[in-house]
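If you read the protein sequences in the order shown, they are chains A and B. Going by this note's numbering, the first sequence opens with residue 39, and the numbers climb by one from there. Going by this note's numbering, the second sequence opens with residue 39, and the numbers climb by one from there.
Number of protein chains: 2
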Amino acid sequence: MVTINEVAKAAGVSISTVSYALSGKRSISATTRERIDRAIRDLGYTPHAAARILAGAQTNILALSAPLHADGHFPTHMRFVTAVVEAAREREYDVLLLARDDEVTGIRRVAGTSLVDGVVAMGVSQRDDRVPLVRSLGIAVAFIGVPDDADGVACVDLDFRGTARDALERVAAQGHRTVGMIGHPRGYVDRRQGFIARFDDGLERAAAERGVRLVREWAELSRGSGARAVDALLDVDEPPTAIVFHCNEPVVEEAERRLRERGVRVPQDVSLLAAAASYEPDRLEIPLSGVTLPIERMCRIAVEAALDQREGRGETATRLLDPDFVDRGSIAPVS
Amino acid sequence: MVTINEVAKAAGVSISTVSYALSGKRSISATTRERIDRAIRDLGYTPHAAARILAGAQTNILALSAPLHADGHFPTHMRFVTAVVEAAREREYDVLLLARDDEVTGIRRVAGTSLVDGVVAMGVSQRDDRVPLVRSLGIAVAFIGVPDDADGVACVDLDFRGTARDALERVAAQGHRTVGMIGHPRGYVDRRQGFIARFDDGLERAAAERGVRLVREWAELSRGSGARAVDALLDVDEPPTAIVFHCNEPVVEEAERRLRERGVRVPQDVSLLAAAASYEPDRLEIPLSGVTLPIERMCRIAVEAALDQREGRGETATRLLDPDFVDRGSIAPVS
DNA sequence: TTGAAAGCGATACCAA
DNA sequence: TTGGTATCGCTTTCAA
């Protein structure tokens, strides 16, 4: 291992000069700088991370708490993880992945040993054990998702209530009086995932305000449940003329296939809208108008929120992102 | 932050005694141990990771190099990542996720700064830049997958050649003389993923030996390609009476649906076999006999191989896992 | 513009 | 069984 000492010796300067040349925290004469650069290159020097952390103030490591539930949607999960790594690297941070651990012990371990400068937590539930934990630990943290008690912690999420309201108002504006919804698996709700409750709430209220009748189905991720949900919605006396999807891609795909099988045309017979889609709604068999979950943006904001906290200037409030509706022709006036 | 110094003071002993009490590297009297334990608990002490790394020999951090290709299969990717984290935690290791970086710079950074004790590399291609890199760096590493030049580096993989041979021989043994294959996207092959070449090679050879005619299709991950592949295989004069799948789940699902639509019965009209499945073949609409990719086992072996190398006793050879065939009734004698 | 030296918080060797 | 202390490789203050 090449140390800063050897570099200093080779360049004929003191180690503090080498250190400052590296950090740029004080001015160095051109000739000295050159000698140091040469020595660094010749010796192939890279500073020792642990020594730097111990002497300096920060680790440049961020922990990502990503508990993976058995019934979770892997592709979506992966997109969050990748996006967090990407955002972290843009700030010169590496990411330590906390996945297997009990949510609490992993954070406790890396924070207690000062291994990380902050934590980004995803897969947030309404009553999340990580909230009181990070509060007591007093570490820099940002949640992707909003727990019930979000006081004093930074949170980022799509405004699910607003997204639901927006969705309902758009179909209502087209004259639809009976609107169906196909939602995430019941298991998610039981695990008390906040975003579902907020979405449902927003949809209900908007429907009540607009005098729209709401019919809801929840589909599992297992095969057949998307088709069953469609059948359940349509095989009644006054079926909905518009359907709002708030579920994962496989369910939507199956629902679209089922609609085709039943000879239902989109948007002539039924209007379709994707809400908070974690997939790309324009790559479906029938591209859907609606709102995409801005995963990359959420992760970027979370990373910045967590890191900024250490520097004092960090927000510890909840930030809800506005829905961004895109029209792909799957919504039409009621016939 | 509570330091070992404060613990020593509180317990009325020296810091070396505290250190030894923690590591267990020398015997401590019961009373002293108790006083130390009390002090640790009272003060809520956790050793500082960076200090420990600097003074000690190891970081207890493992890097996972997981380049994510745009056309990759996210769920499979995620399973590897999760499995590596799981295996690492069992050895008291945390995982640093290298995802966004150019494959080489990420490894160079964490290895150069001595941030990690070793590297596990997935998504290995036949000519992988990471191989010469880790060789020149001389760090502990294990590849999940086998590059062309695997000299001196530890690799783990399913024996794809053997798996292909096993698959072909099983259907040949049932009298099938024309066998179809639906393979991974061509993009994978172009990116020179070794496992595909090895699988194809094994299949070809076994077919030649058994006098079996082989018909091959490659399906993209995009919608419709699974169905198209089925049609391409069956819409000919002498269609195969058995089909081997070596592709991702969405393609298999679509192929099965297509078979149903065409009124083809399994296994009466056609035998089906899943080879190196990265999904669970018994959760398909038509459960498939075949070999599952032992992801968890591969990752565990890779983690151990990487970590063991530091302690001298590590293997740096390629380890190919034998296929483990499971019968689920999708293969029958040719009619 | 540069250097000397005091930490940072552990580990582990050498003595007692 | 225990304590003192050199050491790990760097950052940063204080002096020059």
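We treat Cβ as the ideally placed atom computed from N, Cα and C, and that holds for glycine.
Quiz item: How should B/Asn286 be labelled, buried or exposed, when 16 other C-beta atoms within 10 angstroms of its C-beta is the threshold for buried?
Solution: As a first step, residue 286 of chain B is located in the second sequence; it is residue number 248 there, counting from the start. That one is buried.
Self-check item: Residue burial classification, A/Pro278 (beta-carbon count within 10 angstroms, cutoff 16)
Solution: If you number the first sequence from 1, residue 278 of chain A lands on position 240. By the 10 Å Cβ count, A/Pro278 comes out buried.
Practice problem: Please report the Cβ distance between B/Val51 and B/Thr97, rounded to the nearest whole angstrom; I am assuming they are in contact, meaning their Cβ atoms lie under 8 angstroms. | Solution: As a first step, residue 51 of chain B is located in the second sequence; it is residue number 13 there, counting from the start. As a first step, residue 97 of chain B is located in the second sequence; it is residue number 59 there, counting from the start. In fact, because the Cβ distance is near 28 angstroms, the residues do not count as touching under 8 angstroms.
Practice problem: Check each candidate in B/Val329, B/Pro361, B/Ala340, B/Asp360 and name the one with the smallest Cα separation from B/Thr354. | Solution: Taking the first residue of the second sequence as 1, we reach residue 354 of chain B at position 316. Nearest option by C-alpha distance: B/Ala340.
Self-check item: Between the CA atoms of A/His284 and A/Leu206 - distance to the nearest angstrom
Solution: Against the first sequence, residue 206 of chain A aligns to sequence position 168. Against the first sequence, residue 284 of chain A aligns to sequence position 246. Between the C-alpha atoms of A/Leu206 and A/His284 there is a straight-line separation of about 12 angstroms.
Quiz item: Quick one: is A/Asp155 near chain B, going by C-beta distance under 8 angstroms?
Solution: Translated into positions along the first sequence, residue 155 of chain A becomes position 117. Chain B places no beta carbon closer than 8 angstroms to that of A/Asp155, leaving this residue out of the contacts.
Exercise. Compute the Euclidean distance between the alpha carbons of A/Phe237 and A/Ala121, then round it to the nearest angstrom.
Key: To locate residue 237 of chain A, count along the first sequence from 1; it is residue 199. To locate residue 121 of chain A, count along the first sequence from 1; it is residue 83. Rounded to the nearest angstrom, the gap between the Cα atoms of A/Phe237 and A/Ala121 is 24 angstroms.
Practice problem: Return the bridge partner residues of A/Phe363 from the DSSP annotation. | Solution: Taking the first residue of the first sequence as 1, we reach residue 363 of chain A at position 325. DSSP, once it has assigned bridges, lists A/Val329 as partnering A/Phe363.
Self-check item: Alpha-carbon to alpha-carbon, A/Leu60 and A/Asp80
Solution: In the first sequence, residue 80 of chain A corresponds to position 42, counting from 1. In the first sequence, residue 60 of chain A corresponds to position 22, counting from 1. Roughly 15 angstroms between the two C-alpha positions.
Quiz item: Okay, do the segment 130 to 137 of chain A and the segment 70 to 77 of chain B touch, 3+ Cβ pairs below 8 angstroms being the bar?
Solution: Not touching, per the Cβ criterion.
Quiz prompt | Chain-ordered neighbours of A/Asp307 on chain B, where CB pairs are closer than 8 angstroms | solution = Taking the first sequence and counting its residues from 1, one reaches residue 307 of chain A at position 269. Chain B residues near A/Asp307: none, gap ~22 angstroms exceeds 8 angstroms.
Exercise. Report the neighbours of A/Thr120 on chain B: residues whose CB is nearer than 8 angstroms to its CB, in chain order.
Key: The count along the first sequence starts at 1 and reaches residue 120 of chain A at position 82. Chain B residues near A/Thr120: Leu106, Ala137, Arg138.
Quiz item: Can you give the Cα-Cα distance for A/His107 and A/Asp140, rounded to whole angstroms?
Solution: Residue 107 of chain A sits at position 69 when you count from the first residue of the first sequence. Residue 140 of chain A sits at position 102 when you count from the first residue of the first sequence. Cα to Cα, the separation comes out at about 11 angstroms.
Quiz prompt | Proximity below 8 angstroms, CB of A/Ala202 to CB of A/Ala246 | solution = As a working mapping, residue 202 of chain A is identified with position 164 in the first sequence. As a working mapping, residue 246 of chain A is identified with position 208 in the first sequence. A/Ala246 is positioned such that its CB atom lies no closer than 8 angstroms to that of A/Ala202.
Quiz item: Helix or strand or just coil, what does DSSP make of B/Ser373?
Solution: Position 335 of the second sequence, counted from the start, is the residue given in the question as residue 373 of chain B. Residue state, collapsed to three classes: coil.
Exercise. With a threshold of 16 other CB atoms inside 10 Å of the CB of B/Arg208, please say whether the residue is buried or exposed.
Key: Working through the second sequence from its first residue, we reach residue 208 of chain B at position 170. Buried, because 16 or more other Cβ atoms sit within 10 Å of the Cβ of B/Arg208.
Exercise. Compute the Euclidean distance between the alpha carbons of B/Thr84 and B/Lys47, then round it to the nearest angstrom.
Key: Here residue 84 of chain B refers to the residue found at position 46 when the second sequence is read from its first residue. Here residue 47 of chain B refers to the residue found at position 9 when the second sequence is read from its first residue. The alpha-carbon separation between B/Thr84 and B/Lys47 amounts to approximately 15 angstroms.
Exercise. Check the C-beta distance from B/Gly156 over to B/Arg348 and give it rounded, since I have them as a contact under 8 angstroms.
Key: Within the second sequence, residue 156 of chain B is the residue found at index 118, counting from 1. Within the second sequence, residue 348 of chain B is the residue found at index 310, counting from 1. Contact holds; Cβ gap of about 6 angstroms.
Quiz item: Applying the criterion that 16 or more other CB atoms from any shown protein chain within 10 Å of the CB defines a buried residue, is B/Gln306 buried or exposed?
Solution: Translated into positions along the second sequence, residue 306 of chain B becomes position 268. By the neighbour-count rule (16 or more Cβ atoms within 10 Å), B/Gln306 is not buried but exposed.
Practice problem: Identify each residue in the segment 91 to 103 of chain B for which the Cβ-Cβ distance to at least one residue of chain A is less than 8 angstroms, and report them in chain order. | Solution: Along the segment 91 to 103 of chain B, going in chain order, the ones with a CB nearer than 8 angstroms to a CB of chain A are Ile91, Leu92, Thr97, Ile99, Leu102.
Quiz item: If we ignore side chains and look at the alpha-carbon of each, how far apart do A/Ala192 and A/Ile234 end up?
Solution: If you number the first sequence from 1, residue 192 of chain A lands on position 154. If you number the first sequence from 1, residue 234 of chain A lands on position 196. Annotation: A/Ala192 to A/Ile234 spans about 20 angstroms, alpha carbon to alpha carbon.
Quiz item: Within the 8 angstroms Cβ cut-off, does B/Glu287 reach chain A?
Solution: Here the question's residue 287 of chain B lines up with position 249 in the second sequence. B/Glu287 is outside the set of residues whose beta carbon lies under 8 angstroms from a beta carbon in chain A.
Quiz item: Just the Cα atoms here: how many angstroms apart are B/Lys63 and B/Ile145?
Solution: For the purposes of this step, residue 63 of chain B is taken as residue 25 along the second sequence, with counting starting at 1. For the purposes of this step, residue 145 of chain B is taken as residue 107 along the second sequence, with counting starting at 1. A straight line joining the alpha-carbon of B/Lys63 with that of B/Ile145 spans about 33 angstroms.
Self-check item: Contacts around B/Val172, its chain only, beta-carbon distance under 6 angstroms, and the 5 residues preceding and following it disregarded
Solution: Position 134 of the second sequence holds residue 172 of chain B. Excluding residues within five positions, the ones whose Cβ falls inside 6 angstroms are Val179.
Quiz item: Going along the chain, which unbroken runs of the beta strand (DSSP E) with 3 or more residues stay wholly within the segment 229 to 277 of chain A?
Solution: Listed in chain order, the complete beta strand (DSSP E) runs (minimum 3 residues) inside the segment 229 to 277 of chain A are 251 to 256.
Quiz prompt | Endpoints, the alpha helix (DSSP H) within which A/Val119 is located | solution = On the first sequence, position 81 is the one that residue 119 of chain A refers to. For A/Val119, the uninterrupted alpha helix (DSSP H) segment begins and ends at 112 to 128.
Quiz item: Within the 8 angstroms Cβ cut-off, does A/His222 reach chain B?
Solution: Taking the first sequence and counting its residues from 1, the one referred to as residue 222 of chain A is at position 184. No, A/His222 does not count as interfacial toward chain B.
Quiz item: Taking the alpha carbon of B/Ala313 as the point to measure from, which residue in B/Pro361, B/Val250, B/Arg254, B/Thr143 has its own alpha carbon closest?
Solution: Within the second sequence, residue 313 of chain B is the residue found at index 275, counting from 1. Among B/Pro361, B/Val250, B/Arg254, B/Thr143, the Cα nearest to that of B/Ala313 belongs to B/Pro361.
Exercise. Indicate the three-state DSSP secondary structure (helix, strand or coil) for B/Val217 in the structure shown.
Key: For the purposes of this step, residue 217 of chain B is taken as the residue at position 179 of the second sequence. The answer is strand: DSSP assigns B/Val217 an E or B state.
Quiz item: Relative to the C-alpha of A/Ala104, which residue among B/Val123, B/Arg261, B/Val268 is closest?
Solution: Position 66 of the first sequence holds residue 104 of chain A. The shortest C-alpha to C-alpha distance from A/Ala104 to any of B/Val123, B/Arg261, B/Val268 is the one to B/Val123.
Quiz item: Taking Cβ to Cβ, would you say B/Leu359 is nearer than 8 angstroms to B/Met336?
Solution: Here residue 359 of chain B refers to the residue found at position 321 when the second sequence is read from its first residue. Here residue 336 of chain B refers to the residue found at position 298 when the second sequence is read from its first residue. Taking a C-beta distance under 8 angstroms as the contact criterion, B/Leu359 and B/Met336 qualify as a contact pair.
Self-check item: Every unbroken alpha helix (DSSP H) within the segment 42 to 110 of chain A, with a cutoff of 4 residues, ordered by chain
Solution: List check, alpha helix (DSSP H) in window: 42 to 49, 53 to 61, 68 to 81, 87 to 93.
Exercise. Below 6 angstroms CB to CB, which residues in the same chain sit around B/Ala267 once its five sequence neighbours on both sides are set aside?
Key: Start at 1 with the first residue of the second sequence, and residue 267 of chain B comes out as number 229. If the five residues before and after B/Ala267 are omitted, its C-beta is found closer than 6 angstroms to the C-beta atoms of Ile220, Glu255, Ala257, all from its own chain and listed in chain order.
Practice problem: Output the distance between the C-alpha atoms of A/Arg261 and B/Phe112, rounded to the nearest integer angstrom. | Solution: Within the first sequence, numbered from 1, the residue matching residue 261 of chain A stands at position 223. Within the second sequence, numbered from 1, the residue matching residue 112 of chain B stands at position 74. Taking the straight line joining both Cα atoms gives about 19 angstroms.
Quiz prompt | Selection from A/Ala210, A/Ala89, A/Thr69, A/Asp204 that minimises the alpha carbon distance to A/Ile42 | solution = Position 4 of the first sequence, counted from the first residue, corresponds to residue 42 of chain A. Looking at the Cα atoms, A/Ala89 is the closest of the given residues.
Quiz item: Among B/Leu345, B/Leu326, B/Asp346, which one has its Cα closest to the Cα of B/Gly367?
Solution: By 1-based counting over the second sequence, the position of residue 367 of chain B is 329. Out of B/Leu345, B/Leu326, B/Asp346, B/Leu326 has the C-alpha closest to the C-alpha of B/Gly367.
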